[in-house]
Each structure stands twice: as C-alpha cells, then as structure tokens.
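A short worksheet on the structure shown next.
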Amino acid sequence: MFELNWGLPVIGYLFLAGAGAGALTVSSSVLLRGGGGGFGGAHFKVARYGALAAPVLLIIGTALIVLELGTFKAAVAHGDWALLFRWLNLFKVINLSPMSIGSWALLAAILASVAYAYTFLPGNKADDRMKSLRRGLAWIGVPLGIIVGIYTGVLLGAMPSRPLWNSPVLAALFLVSAISTGLATILLIKAVFDRDKKRTSENTAGTHFIKEDRSTYLLTASDLLLIGLELVAVFLFIMFAQLTIGAPAEAMKVLFPGGEMATLFWFGFVVVGLLLPVAVELRYVLPTLLNHQPYSIPVAIEVLVSSLILIGGFVLRYVIVIAGQITYPIGL
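Letter by letter, the sequence shown follows residues 21 to 352 in my numbering.
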C-alpha cells in the first residue's frame with residue numbers, strides 16, 4: 021500500500037497554474053505581435069480572453085497549493101488563525117532553490133496578470149490611454165508565464181528520491197503542456213462567448229460554424245504545433261528513463277502496459293488529450309493551409325477539442341504526480 025502525500029490540491033495547482041501561465045504567455049504574445057502576427061484587428065479581442073482568464077486560473081491554483089500546505093487545517097486544529105499565513109515564510113528567504121525561485125515567480129506572475137487584466141476590462145480599447153501600460157505588462161507577462169510554466173517541472177525533477185520525476189525532460193513537457201492548455205482555454209472562451217454574427221454562420225441543420233476567422237485558424241494551427249512538440253517531449257521523457265540504468269527505467273514501468281497508471285497515461289492523456297485533438301484540428305486546418313480555403317469549423321467542435329486538450333493537461337499532471345509517488349524512492 022502506497023502513501024500519497026500529494027493529492028488533488030497539488031495536481032489542481034499544477035494544472036491551473038500551468039494553464040494560467042500559458043494563457044498569460046499566449047495573450048501577451050498575441051498583443052505584442054498585433055496585426056503583424058496575422059490576427060489583424062482581432063488581436064486585442066484574443067489577447068483580452070487570455071488576459072482575463074490568466075489571473076483567475078493562477079489565483080485559484082495558488083489557493084489550492086496554500087490549502088495543501090496545511091495552514092487552514094492547522095489553524096482550525098490549534099485555534100491559531102495566524103497559521104493561515106504561515107506560507108508567507110516562503111518569501112523570507114531568497115536563494116536559487118526551485119521552491120524559492122518558483123514562489124517569487126508565481127507571486128510576480130499573479131500581480132502582473134491582475135494588472136494586465138485590469139487594462140482589458142470592458143470599456144477599454146486597443147488604442148486607449150492604457151495602451152503603453154498594457155504593452156509593457158505584456159513584455160513582462162511572456163517571460164513570467166514561461167518561468168511559471170516550466171518551474172513546476174523543475175521542482176519535481178529536482179527530487180532525486182523520486183526517479184520518475186528525476187528527468188530533465190519533465191520541465192519541457194510541463195512547459196509545452198502549460199502553453200497548450202492556456203491556448204486551449206482562450207479558444208474555449210472564444211468559442212463560447214464570441215457570438216459576433218459576422219464571425220459565425222448557421223447551416224440548414226442549425227449547426228453554428230466559425231467562418232473565415234483568421235484568429236481562430238492561427239490559434240488552432242499554433243496549438244497543432246504545440247501538441248506536436250508535446251508528443252516529442254513525451255517520447256524524450258520515456259526514452260530518457262529507458263536509457264538511464266537503474267531506478268528511472270524501473271519507475272517508468274508504471275506507465276507501460278500492465279502498470280498502474282498505463283491506461284490513464286496512454287488513453288487519458290496521449291489519446292484523448294493529444295491524438296484526438298490533432299486528428300480533429302487537422303481536418304479543419306489542412307484545407308486552409310494547403311488549398312487556401314476559408315477557415316470554417318463548427319463551434320461545438322471547437323469547444324470539444326479545447327475541452328479534450330484541457331482534460332489531457334489535467335490527466336498528465338495527475339498521472340505524473342501519482343505515479344511519482346507510487347514508484348519506489350531511492351536513497352540520496
């Protein structure tokens with residue numbers, strides 16, 4: 021029987037903070053590229069979706085990790101409500117440890133994302149008085165989003181006592197997954213809330229289509245590229261463990277056929293979260309990419325694909341966190 025010290029709060033934190041960091045990175049990148057990135061006048065609207073989603077995801081994710089630290093339970097048990105703020109001790113020390121760097125980067129990302137989101141509140145426009153501030157925050161948001169996206173993998177990978185986590189590829193896998201889920205969040209919000217009649221059409225069967233939407237096409241094509249990179253990262257993650265003699269190769273068996281986490285990893289993450297979205301997105305992207313046909317995709321399909329990517333991102337973190345704990349530790 022294995023003892024799990026990290027459960028759903030930690031998994032939820034890794035997923036939500038990653039998606040929030042990804043949304044911040046994508047939003048900031050789209051804003052900085054502007055019309056020159058092929059988005060035309062839609063760049064502000066696309067950036068707004070990511071800007072408003074990022075702080076919500078980051079804050080909720082951080083709340084989960086604070087809850088996991090046990091401060092609330094300790095405060096209730098001892099009747100000392102000052103224990104609720106025990107997590108602030110993380111900021112008393114500044115060093116080069118993954119925990120210290122990650123804590124400060126996460127705090128900076130939350131503050132920057134809140135300020136960035138403020139410049140996109142309803143009523144603000146692309147050329148309003150906040151334009152300079154918005155762009156300045158976007159320049160900050162790109163590196164902060166990348167740092168937060170990658171740091172969780174670095175944090176896990178820095179634990180040699182957990183051989184499944186002790187891989188330099190894990191950080192890259194988590195980073196690409198974070199940007200992909202952040203982009204999927206933007207696509208999902210865009211599909212659900214963007215009801216511009218000029219952007220959608222309805223066929224005789226009553227199916228709503230996104231028509232000739234360059235911004236959706238560019239985001240979807242970018243997501244295809246990210247999923248491709250994610251598949252490469254998965255391959256390298258497995259190969260690194262297999263080519264490493266001893267504990268990493270042994271620990272990786274938990275993800276192979278017959279292993280405790282094999283079904284979740286290969287079906288829940290690889291098939292549902294990667295291969296199915298790729299197959300569906302290629303169906304709509306290739307005609308535009310190869311034959312220059314107008315991009316058109318059913319709104320329901322866009323919602324489905326984005327949801328599958330988000331599910332896959334959560335399953336990835338669930339599998340990695342749980343599998344890392346049920347595989348045997350080794351001495352330092």
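Using N, Cα and C, we set each Cβ at its ideal position, and we do this for glycine too. As the structure is a computational prediction, the values presented were derived from the model and not from experiment.
List the endpoints of the continuous beta strand (DSSP E) containing residue i.
i           : result
residue 318 : 316-318
For the alpha helix (DSSP H) containing residue i, list its first residue and its last residue.
i           : result
residue 197 : 189-213
residue 255 : 234-263
residue 273 : Taken as a continuous stretch (DSSP letters only), residue 273 belongs to no alpha helix (DSSP H), as it is neither H nor E.
residue 35  : 28-53
residue 311 : 296-311
residue 119 : 118-138
Based on Cα-Cα distance, which residue from the options lies nearest to residue i?
i           : options            : result
residue 136 : 194, 43, 53, 122   : 43
residue 69  : 292, 279, 277, 203 : 203
residue 201 : 155, 337, 275      : 337
residue 158 : 143, 87, 74        : 74
residue 314 : 341, 119, 234, 333 : 234
residue 284 : 62, 339, 160, 144  : 339
residue 58  : 242, 36, 294       : 242
residue 295 : 250, 257, 263      : 250
residue 130 : 45, 67, 147        : 45
residue 76  : 344, 206, 185, 120 : 206
residue 72  : 140, 123, 51       : 140
residue 132 : 268, 153, 332, 342 : 153
residue 246 : 292, 212, 199, 186 : 199
residue 244 : 151, 326, 52       : 326
residue 322 : 212, 125, 333, 279 : 212
residue 142 : 124, 168, 65       : 65
residue 183 : 63, 268, 41        : 268
residue 118 : 138, 168, 293      : 168
Closest Cβ-Cβ distance between residue i and chain D: below 9 Å?
i           : result
residue 147 : Looking at the structure shown, chain D is missing, and only one protein chain is on hand.
Compute every distance between the C-beta of residue i and the non-hydrogen atoms of the ligand FMN, then say whether any falls below 8 Å.
i           : result
residue 165 : In terms of ligand content, the structure shown is empty, and the ligand FMN therefore cannot be addressed.
Subject >> At least three beta-carbon pairs within less than 8 Å, the stretch 184-201 to the stretch 165-176 >> reply: yes
Subject >> Contiguous alpha helix (DSSP H) assignments of at least 4 residues, all confined to the stretch 133-186 >> reply: 151-177
Subject >> At least three beta-carbon pairs within less than 8 Å, the stretch 303-313 to the stretch 267-287 >> reply: no
Original post:
Are three or more beta carbon pairs between the stretch 77-89 and the stretch 23-40 nearer than 8 Å?
Top reply: yes
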